[in-house]
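Novice: Residue numbers (the working numbering): 448 to 684.
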Amino acid sequence: LFDDDNAMVRIDMSEFMEKHSVARLVGAPPGYVGYEEGGTLTEAVRRRPYQVVLFDEVEKAHPDVFNILLQVLDDGRLTDGQGRTVDFTNTLIILTSNLGSQAIAALPDDAPIEQAEPAVMEVVRAHFRPEFLNRLDEIVLFNRLAQQHMGGIVDIQVARVQKLLADRKVTLDLTDAARAWLGRVGYDPVYGARPLKRAVQKYLQDPLADLILKGEVRDGATIKVDEGDGALKLTSA
Numbered sequence: 448l449f450d451d452d453n454a455m456v457r458i459d460m461s462e463f464m465e466k467h468s469v470a471r472l473v474g475a476p477p478g479y480v481g482y483e484e485g486g487t488l489t490e491a492v493r494r495r496p497y498q499v500v501l502f503d504e505v506e507k508a509h510p511d512v513f514n515i516l517l518q519v520l521d522d523g524r525l526t527d528g529q530g531r532t533v534d535f536t537n538t539l540i541i542l543t544s545n546l547g548s549q550a551i552a553a554l555p556d557d558a559p560i561e562q563a564e565p566a567v568m569e570v571v572r573a574h575f576r577p578e579f580l581n582r583l584d585e586i587v588l589f590n591r592l593a594q595q596h597m598g599g600i601v602d603i604q605v606a607r608v609q610k611l612l613a614d615r616k617v618t619l620d621l622t623d624a625a626r627a628w629l630g631r632v633g634y635d636p637v638y639g640a641r642p643l644k645r646a647v648q649k650y651l652q653d654p655l656a657d658l659i660l661k662g663e664v665r666d667g668a669t670i671k672v673d674e675g676d677g678a679l680k681l682t683s684a
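#1: Select from Arg576, Ser548, Ala573 and Phe575 the residue whose C-alpha is nearest the C-alpha of Ala563.
#2: Is the Cβ-Cβ distance between Val519 and Val492 less than 7 Å?
#3: Comparing alpha-carbon positions, which option in Leu681, Pro636 and Leu525 lies nearest Val647?
#4: Could you please give the first and the last residue of the uninterrupted beta strand (DSSP E) stretch that includes Lys671?
#5: Throw me the rounded Cβ distance for the Ala454 and Val512 pair, which I believe falls under 8 Å.
#6: Measuring straight from C-alpha to C-alpha, what distance separates Glu578 and Asp653?
#7: Give the straight-line distance between the Cα atoms of Leu516 and Leu629, rounded to the nearest whole angstrom.
#8: What's the gap between the Cα of Ala508 and the Cα of Phe463?
#9: Tell me which residue opens and which closes the beta strand (DSSP E) that Lys466 is part of.
#10: Give the straight-line distance between the Cα atoms of Arg524 and Asp452, rounded to the nearest whole angstrom.
#11: If we require 3 or more residues per run, which beta strand (DSSP E) segments fall completely within the stretch 468-552?
#12: Based on Cα-Cα distance, which residue from His467, Gly486 and Glu465 lies nearest to Val473?
#13: So, helix, strand or coil for Val617, using DSSP?
#14: Look at the alpha carbon of Leu542 and the alpha carbon of Glu506, and state the distance between them as a whole number of angstroms.
#15: Using beta-carbon positions only, say whether Asp676 and Thr622 come within less than 7 Å of one another.
#16: Just to confirm my understanding: we take Ala553, look at its own chain, exclude 5 residues before and 5 after, and list those with CB closer than 6 Å. What are they?
#17: Compare the Cα-Cα distances from Asp450 to each of Arg471, Tyr497, Arg457 and Ser468 and report the closest residue.
#18: Specify whether the stretch 629-642 and the stretch 595-606 touch according to this definition: at least 3 beta carbon pairs, one from each stretch, less than 8 Å apart.
#19: Please tell me whether Tyr650 and Leu679 are closer than 7 Å, where the distance is taken between their beta carbons.
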């Protein structure tokens, strides 16, 4: 969108569940600790006005957070703790939520996502104030993650592990069988791809760390990863 992978700030709203934490979004007022640091939200947008602002799991935020969001969504600006007006008119604001996920999970495998929309919206309207929902341009329901989507997500997770090995120029070489095995073990029809991250940690990163600590992986080596007996088999070459 902004031709830059770094043009996004993600704000985990589970960190703003308490009333006192709300001030962290715009920064502490004069005389309070952290006054000079600026707010998590306002400082990020002030420094980079053109970016995507992602509020992740917004339903977990304290109700006072929505007073701030109302101003941003309505006026396109926000005043930080130091009295500076921050312009949001060049940002794209996205809010994610798990509200109504039970209704989506209860759908038959071949049912369209639209079938769950009435039940999902009932939960959403019960949680959020009408004036907040009225300021959203669109509410989009995402399809459940299916088993056939796991291959691409496995590649993303493996690429992250590969980055950790960049300093030692160690290369990971996963067979198709290993990728498919991780996709099966890491998939959950209810929780989606979240278990995959744990599976990669348990079956790939941890054994790999053991090999490195034992001195069995030299700089520039290639680690062959294949499906084993209830686990992954790692071989250094």
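Cβ atoms here follow ideal geometry from the backbone N, Cα and C, with glycine treated the same way. Given the structure is predicted, the values throughout are model-derived calculations rather than measurements.
Specialist: Let me lay it out:
#1: Here residue 563 corresponds to residue number 116 of the sequence shown, with the count starting at 1. The shortest Cα separation from Ala563 among Arg576, Ser548, Ala573 and Phe575 belongs to Ser548.
#2: On the sequence shown, residue 519 is found 72 positions in, with the first residue counted as 1. On the sequence shown, residue 492 is found 45 positions in, with the first residue counted as 1. It is not a contact, given that the beta carbons lie outside the stated cut-off.
#3: Here residue 647 corresponds to residue number 200 of the sequence shown, with the count starting at 1. Answer by Cα proximity: Leu681.
#4: Sequence index remark: in the sequence shown, residue 671 carries index 224 (1-based). It spans Thr669 to Glu674 - the beta strand (DSSP E) in which Lys671 sits, taken as one unbroken run.
#5: Residue 454 sits at position 7 when you count from the first residue of the sequence shown. Residue 512 sits at position 65 when you count from the first residue of the sequence shown. Contact doesn't hold; Cβ gap of about 23 Å is too wide.
#6: Within the sequence shown, residue 578 is the residue found at index 131, counting from 1. Within the sequence shown, residue 653 is the residue found at index 206, counting from 1. Answer to the nearest angstrom: the Cα atoms are 48 Å apart.
#7: Translated into positions along the sequence shown, residue 516 becomes position 69. Translated into positions along the sequence shown, residue 629 becomes position 182. Taking the straight line joining both Cα atoms gives about 39 Å.
#8: By 1-based counting over the sequence shown, the position of residue 508 is 61. By 1-based counting over the sequence shown, the position of residue 463 is 16. Roughly 5 Å between the two C-alpha positions.
#9: Counting from one through the sequence shown, the residue named residue 466 turns up at place 19. Run containing Lys466: none; DSSP gives neither H nor E here.
#10: Looking up residue 524 in the sequence shown gives position 77. Looking up residue 452 in the sequence shown gives position 5. Approximately 24 Å between the Cα atoms of the pair.
#11: 499-503, 524-526, 532-534 and 539-542
#12: Numbered from 1 along the sequence shown, position 26 holds the residue referred to as residue 473. The residue with the shortest Cα to Cα distance from Val473 is Gly486.
#13: Sequence index remark: in the sequence shown, residue 617 carries index 170 (1-based). When DSSP states are grouped into helix, strand and coil, Val617 belongs to the coil group.
#14: On the sequence shown, residue 542 is found 95 positions in, with the first residue counted as 1. On the sequence shown, residue 506 is found 59 positions in, with the first residue counted as 1. Computed Cα separation, rounded: 9 Å.
#15: For the purposes of this step, residue 676 is taken as the residue at position 229 of the sequence shown. For the purposes of this step, residue 622 is taken as the residue at position 175 of the sequence shown. The answer is no: Cβ separation not under 7 Å.
#16: Position 106 of the sequence shown, counting from 1, holds the residue named residue 553. Around Ala553: no qualifying Cβ.
#17: Position 3 of the sequence shown, counted from the first residue, corresponds to residue 450. With distances taken between Cα atoms, Asp450 lies closest to Tyr497.
#18: The stretch 629-642 makes contact with the stretch 595-606: 3 or more CB pairs, one atom from each, lie closer than 8 Å.
#19: By 1-based counting over the sequence shown, the position of residue 650 is 203. By 1-based counting over the sequence shown, the position of residue 679 is 232. When the beta-carbon positions are compared, Tyr650 and Leu679 come within less than 7 Å of each other.
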